[in-house]
Amino acid sequence: MTTIPIVAALGIVDRERIAGSSGIWRSWSSLGVPAPGNGRTFRAVFGRSDETFRRLDRLSRAVVLAGEAAGIGTVVPAAWRDDTALVFETTVGCLDSDLRFARSLRAEMCDAPIFPYTLPSTCLGELALRHGLRGPSICLSTTPSACGAALREAAHLLASGAAKCVVAGLVDVLLDEHPSVAPVCRALIAVLAAPDAGLHATAQWAGSGTDAWSALQSWLEREPPLN
Amino acid sequence: MTAVRVAGRGAVSAFGIGRAALLDGVFSRANGIQARRRTAAFATPTAVAAELPAADIERLGGAADLVFHIACAAGREALVEAGSPATARIGLVFASTKADLSGLLDRGAGLGSPARLAERIARELGLHGVLGAVSCACASGLVALSMAARHILAGEQERVLVLGADVLHEFVMAGFGSLSALDPQRCRPFDVHRRGISLGEAAGALLLSRHADESLGVTLVGHGGANDACHVTGPDRQGAGLALAAARAIADAGLTPAAIDLIHLHGTGTTANDATEALGLATVFGTRTPPAFGTKGQTGHTLGAPGLIETIVAIEALQRRLAPANVGLEQSDVDPALDLVLQPRALPRAQHALKVASGFGGAQAAVVIRA
């Protein structure tokens, strides 16, 4: 594989903030709600409504907010949307929604609306429908030792010509107490394209190794966009 | 795309352990969807499911850790058919929706993580390691096949074992029940009286290789993916995403739709999915599609496994030059351009098959098989 992608945009949602290369930089403390927000957060941060944000699970909220912070809507040309792929990786998966659905079963009050969110790929669908992204969708379940898998697969898709642009992501959200999984809230999104595609490089490609996502996050922290 | 060879196949299904049981069941028009036994205590609004035979579950080590056992059994069968190559240089791509659900409603550490299960399977089979664990809802199996093919074509791997597995669990059965997605009786994909899906459990395995001398005479020649980008549980009303994935796979194979001889459908049995699948394929093929069949009316919907077990059936259909019948279908109400096979039909030409799949989150996938 010889193609080294460019990083056209970055967005992050973690326990401290929503931030991204679109220029957004808001702390959760300033918003007065814990990560990844409540039904009003989208309007509070981006100044416009999102009809269905209120009903999203927490994993999808984090992904949708990180995508907005990256500025997918402005960075990915409209003519490319059919050829823009989504590749995400997650270690925790949708355990947050799994536990909520399991609790509802135990209480014999089956929480039907949450069931589709017990699939980790559903959050990709939420991002795809908001931005009209009709390229291939890949959701990878990973262990910490395989971190970077989504970046590797994104590079494969670009190199093989299966996509012109890839929205790659690392997402893990679990806020409830669990005996064996530590609480976490992080959604990191990178918009990637082939170097000759014509998109402006915002950050440097950091490879697809286990520290690649950390390197991209560090870039955002070193060079916080002005808002 | 350059071809990737199929070197081995393995399956465990409601028809029993082994690829032969699956194929005998499908081509004899048997039905693996039966009255629920092992899952009878699960509160869900259907009388039936495609459970693995009880005797086979015992042979494999019992109901505890079942998804691990069936995945390993399918993987071993594929490796044996390939002549038992040295496993230490074979990577694993694993596909599953919920993998091992232990720890959610009972004790255990599976927590629905395909990655955790994949690592256990790789260790058990002595594989080099896990290249990826795909969780793309019901499109997982085909997405995994395409991902493995890219690794081979990029020169990173010589052989990849692609495994898909899911088992019946109260969590999943109650979930689909809560969405009113289950047929109370056996599902009837594409039939005018269809009322939903029947769930099943299975594992399927394909060993892919870059080496021509390891081929069973079967190659994967095209791959396509897409997202509906319109809804997270319902399909695009015109089947646009599925059409896009199918068209991309055919183009990736360097073919035109006229070169496709057979379609193995997704065919779940829900009103919307079957209707939109027909519309999407009509978009690709025009006034008449090639002969088309699905097998979820026999195996149940096995979630993360169909991409593998249905590709195995499609390969067999090409090799037998015979399209199996759509079991459960008596009268179709979907787009008449879809040439649904009502009785087993001999194929005058059987070189290329198209396999398609769809899943929650809008995921669509397609693969073109050459035999």
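In order, the protein sequence lines correspond to chains D and V. For the first sequence, my numbering gives the first residue as 4, with consecutive numbering after it. For the second sequence, my numbering gives the first residue as 21, with consecutive numbering after it. The beta carbon of each residue, even a glycine, is placed where N, CA and C say it ideally should be.
Of all Cβ atoms in chain D, is any one closer than 8 Å to the Cβ of threonine 322/V?
-> no
Leaving out five residues on either side along the sequence, give the residues of the same chain with a beta carbon under 6 Å from the beta carbon of asparagine 230/D.
-> At asparagine 230/D the pLDDT is 41, less than 50, meaning the model places this residue with poor confidence; the figure from the coordinates comes in the next sentence. So the list reads Gly26 and Trp28, once near-sequence residues are dropped.
Mind pulling the chain D residues with CB within less than 7 Å of cysteine 156/V?
-> Ser124, Ser140, Ile141 and Cys142
Assign glutamate 97/V to one of three DSSP states: helix, strand, or coil.
-> helix
Short Cβ contact (8 Å threshold) for glycine 132/V with glycine 96/D = yes
Could you list which residues in chain V have their beta carbon closer than 7 Å to that of alanine 131/D, in chain order?
-> Asn247, Ala249 and Gly382
Residues bridged to leucine 392/V (per DSSP) | The question about residue 392/V has no answer here: the residues shown for chain V are numbered 21 through 391.
Straight-line CA distance for isoleucine 329/V to serine 116/V?
-> 13 Å
Just the Cα atoms here: how many angstroms apart are serine 140/D and valine 79/D?
-> 16 Å
Which of helix, strand or coil does DSSP assign to tryptophan 208/D?
-> coil
Within 10 angstroms of its Cβ, does glutamine 384/V collect 16 or more other Cβ (buried), or is it exposed?
-> buried
With burial defined as no fewer than 16 other Cβ atoms inside 10 Å of the residue's Cβ, what is the status of methionine 193/V: buried or exposed?
-> buried
Does any CB atom of chain D fall closer than 8 Å to the CB of serine 133/V?
-> yes
So, helix, strand or coil for leucine 229/D, using DSSP?
-> Only weak support is given to the placement of leucine 229/D: the predicted model assigns it a pLDDT of 44, under 50, and the value that follows is read from those uncertain coordinates. If DSSP states are grouped into helix, strand and coil, leucine 229/D belongs with coil.
Below 9 Å between beta carbons is the criterion; list the residues of the stretch 184-205 of chain V that meet it against any residue of chain D, in chain order.
-> Glu190, Phe191, Val192, Ala194, Gly195, Phe196, Gly197, Ser198, Leu199 and Ser200
State the DSSP-derived secondary structure class of leucine 342/V, mapped to helix, strand or coil.
-> strand
Would a check of beta-carbon distances place threonine 213/D closer than 8 Å to chain V?
-> no
Alpha carbon of alanine 142/V to alpha carbon of alanine 135/V, nearest angstrom | 10 Å
Going straight from the alpha carbon of leucine 226/V to that of proline 326/V, what length do you get?
-> 12 Å
Determine the DSSP secondary structure at arginine 140/V, reduced to helix, strand or coil.
-> helix
Within the chosen definition, does the stretch 187-201 of chain V reach the stretch 46-64 of chain V through at least 3 CB pairs nearer than 8 Å?
-> yes
Contact set between the stretch 215-232 of chain V and chain D, restricted to residues whose Cβ is under 9 Å from the partner = none
Kindly say whether leucine 89/D, judged by its beta-carbon, lies nearer than 8 Å to any beta-carbon of chain V.
-> yes
Consider the Cβ of arginine 56/V: report whether some Cβ of chain D lies at a distance smaller than 8 Å.
-> no
Can you tell which of Ser211/D, Leu122/D and Gly23/D has the C-alpha that lies nearest to the C-alpha of alanine 119/V?
-> Leu122/D
Just the chain D side, please: which residues come within less than 8 Å of glutamate 139/V by C-beta, in chain order?
-> Thr146
Does the distance from the C-beta atom of cysteine 1/D to that of threonine 87/D stay below 8 Å?
-> Here chain D comprises residues numbered 4 to 230, so residue 1/D is not present and cannot be evaluated.
Rounded straight-line distance, which links the Cα of glutamate 221/V to that of alanine 93/V | 14 Å
Close beta carbons around alanine 197/D, own chain, < 6 Å, minus the five adjacent residues each side = Thr6 and Leu161
Mapping DSSP to helix, strand and coil, what is isoleucine 53/V?
-> coil
Whole-Å CB distance - alanine 265/V paired with alanine 386/V, under 8 Å assumed = 4 Å
Return the CA-CA distance between arginine 61/D and proline 356/V, expressed in angstroms with no decimal places.
-> 42 Å
Between which two residues does the alpha helix (DSSP H) harbouring glutamate 71/D extend?
-> 61-73
Whole-Å CB distance - glycine 348/V paired with cysteine 156/V, under 8 Å assumed | Glycine 348/V to cysteine 156/V, Cβ: 26 Å. No contact.
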